[in-house]
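Asker:
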């Protein structure tokens, strides 16, 4: 066997260049590139290897470790988990900054390769700069914090360990059933150590994304459940999108008159214009979807984790009269809600199941179209909601008084409602554009009222609801779709949390559009506290003397080099969106909106902790209401 002498880091980069994934008859490189912020733990190892020969890997200099890792995650999500960016950081704070991004990828089952530097394997210079020390073990480093948020974790303390570790890492990342973040921590002295590697280790390696087919028992049982039901409901999760199950979902739904409802990850698998698509389910769902769920006697979950938001904290369904059928590549997820399990690829399972449903039709009849029409009318109403200093329409939220709304209107110089602005954005941007958002009230609004008319144009991270994903994720999506417009829909709270990769986008000419909804506060959590009997407490953005903050975010972005716009009316918003399309540089549109003008729940409930003891009658009432809801929630 011929040998090639390389450092550990050089061998790593050479190996990454030779990893391919095979999907439906085609193979292509799995690793597109690498995000990096260099420090003393990786610059002389991985940095040297990349400087010497990056191969086909595209290298991007990030500005914040969490931000660039979230960009890598969004890229993989947009590419349906079939391509990744690796991420390398130094030891210490750089590595610690990866924890949030890794947790976000883990919650969403998104593959990502994290390559943080580590302390010295020899331990001779210990403690080195940025090294933490624990009395109970010298082996503990910052990177141990990544263990619980990684699907696979390893530490390389010898050059030859790289071979088995990398093969295991790629097995995990290319397995749809357990895809998630992989961490390989690299001792910084070992990164530069040389070893005589077998040349065979660097040959083209193809990882096959084979579609797992259901067994006969699973198909027979699933068909029996379908045919025994009167009103089945298909819940489209992220697994359906990653599987590419759009066409077969539509075919089954249309042929058998079965409504489709969506999770956040599953939205835009099937376009909103499809006649049987009733939109998002659960706490952030549409009235149409939640009404259909109440009627369903069989729920078919396709690639979903059944989070509390999708199930309205397990109150969305009539559990006494409803059965569950789950199709999922993950056996663990297939077991959710005590369902009949089909452990298989969503597209393959549905295609093989379809012939067994011949002659079946649900009893929903015209109900599906009636529910959709009812919701479309409500969405139309939300597009026209207005507020004035003289007449506050309390039809969306009633927690604020006219006096407080007037205070915000004066401070922010706006009377614009968030729902009105959001639907205007939806109606103005190009249909093949992709939106990105994550935390706050915007994910709830977009799951309800955003109508994607092109598949896979909705990149919303709500498995972890990570503030800061919005801008970083937009960069990742742009790398995945360089010829399309990408819009980051972000609240002022999330923008303040993390927006550093806007600079990276500008630096590398990767145009993104940041649409910033500014209501001067953490509005979503303010709604939560006030909706459960509390007052407004440290969730508004106010000065020490109790004045509302009015930050000029456009000026901030302008300083970075973005083209910026300030918006207070719908007319200004539409004009800004149209002009932003013409720009080649990244843009930021600052929209001043009033608080309490987002959508509220539609026939749904979210189980949150409420104080059992309080001196406020309103909190006592909220606690009593929660206890009543818990009595009806199914305890799975």
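In our numbering, the protein residues as written are 6 to 641. All C-beta atoms, glycine included, are put in the ideal place defined by N, C-alpha and C.
For residue 190, name the three-state secondary structure that DSSP assigns.
Answerer: Of the three classes helix, strand and coil, the one that applies to residue 190 here is strand, per DSSP.
Asker: Under the three-state reduction of DSSP, which class applies to residue 45: helix, strand or coil?
Answerer: coil
Asker: If you draw a straight line from the alpha carbon of residue 248 to that of residue 87, how long is it in whole angstroms?
Answerer: Residue 248 and residue 87: Cα-Cα distance of roughly 10 Å.
Asker: Would you call the CB atoms of residue 266 and residue 254 closer than 7 Å?
Answerer: no
Asker: Which same chain residues end up closer than 8 Å to residue 544 when comparing Cβ atoms and leaving out the 5 residues on each side of it in sequence?
Answerer: 526, 527, 528, 530, 531, 534
Asker: Given this structure, state the Cα-to-Cα distance separating residue 401 from residue 118, to the nearest angstrom.
Answerer: Low local confidence applies: a pLDDT of 45 at residue 401 is under 50, so the model's placement there is unreliable, with the coordinate-based value given in what follows. Cα to Cα, the separation comes out at about 43 Å.
Asker: Return the CA-CA distance between residue 132 and residue 98, expressed in angstroms with no decimal places.
Answerer: 15 Å
Asker: Could you pull the start and end residues of the beta strand (DSSP E) that residue 523 belongs to?
Answerer: 518-523
Asker: Buried or exposed: which applies to residue 306, given that a residue is buried once 16 or more other Cβ atoms fall within 10 Å of its Cβ?
Answerer: Burial is judged here by how many other beta carbons sit within 10 angstroms of a residue's own beta carbon; residue 306 has at least 16 and is buried.
Asker: Can you name the start and end residues of the beta strand (DSSP E) that residue 117 belongs to?
Answerer: 117-123
Asker: Taking a contact to mean a Cβ-Cβ separation below 7 Å, would you say residue 180 touches residue 126 in this structure?
Answerer: Cβ atoms of residue 180 and residue 126: not closer than 7 Å.
Asker: What's the gap between the Cα of residue 360 and the Cα of residue 302?
Answerer: As the crow flies, the alpha-carbon of residue 360 is around 22 Å from that of residue 302.
Asker: If you follow the alpha helix (DSSP H) that residue 380 is in, where does it begin and where does it stop?
Answerer: Looking at the DSSP string, the run of the alpha helix (DSSP H) that includes residue 380 is 372-387.
Asker: Counting along the chain, where does the beta strand (DSSP E) carrying residue 330 start and finish?
Answerer: 328-333
Asker: Which residue or residues does DSSP assign as beta-bridge partners of residue 154?
Answerer: Looking at the DSSP assignment, residue 154 forms no beta bridge with any residue, so it has no partner.
Asker: Can you check which of these residues, 546, 30, 288, is closest to residue 496 by C-alpha distance?
Answerer: 546
Asker: Which same chain residues, not among the five before or five after residue 219, have their C-beta less than 7 Å away from its C-beta?
Answerer: 347, 349, 354, 357
Asker: Could you check the C-alpha separation between residue 339 and residue 351 for me, to the nearest Å?
Answerer: 11 Å
Asker: On the CB-based measure, 16 or more other CB atoms within 10 Å of its CB, does residue 17 come out buried or exposed?
Answerer: buried
Asker: Please report the straight-line C-alpha distance between residue 599 and residue 449, rounded to a whole angstrom.
Answerer: Approximately 17 Å between the Cα atoms of the pair.
Asker: For a minimum of 4 consecutive residues, which ranges assigned as the alpha helix (DSSP H) are wholly contained in the segment 51-132?
Answerer: 51-57, 70-83, 98-101, 103-113
Asker: Can you check DSSP and say which residues form a bridge with residue 285?
Answerer: 267
Asker: Report yes if the C-beta distance between residue 588 and residue 601 is below 7 Å; otherwise report no.
Answerer: no
Asker: Using a Cβ distance threshold of 8 Å, determine whether the segment 465-475 contacts the segment 59-67, with at least three qualifying pairs required.
Answerer: no
Asker: Could you spell out the range, first to last residue, of the alpha helix (DSSP H) harbouring residue 448?
Answerer: 447-454
Asker: In this structure, how does DSSP classify residue 571 when only helix, strand and coil are distinguished?
Answerer: strand
Asker: Taking the CB atoms as reference points, tell me whether residue 49 and residue 122 lie closer together than 7 Å.
Answerer: no
Asker: Do you know offhand how far residue 473's Cα is from residue 440's?
Answerer: 15 Å
Asker: How is residue 213 classed by DSSP in three states: helix, strand or coil?
Answerer: strand
Asker: Would you identify the three-state DSSP class for residue 175, choosing helix, strand or coil?
Answerer: helix
Asker: Shortest alpha-carbon distance to residue 285 belongs to which of 621, 606, 614, 638?
Answerer: 606
Asker: Provide the residue span of the alpha helix (DSSP H) that contains residue 412, from first to last.
Answerer: 407-417
Asker: Determine the closest residue to residue 308 out of 576, 147, 274, with distance taken between C-alpha atoms.
Answerer: 274
Asker: Here's the rule I'm using: 16 or more other beta-carbon atoms within 10 Å means buried, otherwise exposed. How should residue 116 be labelled?
Answerer: So residue 116 counts as buried.
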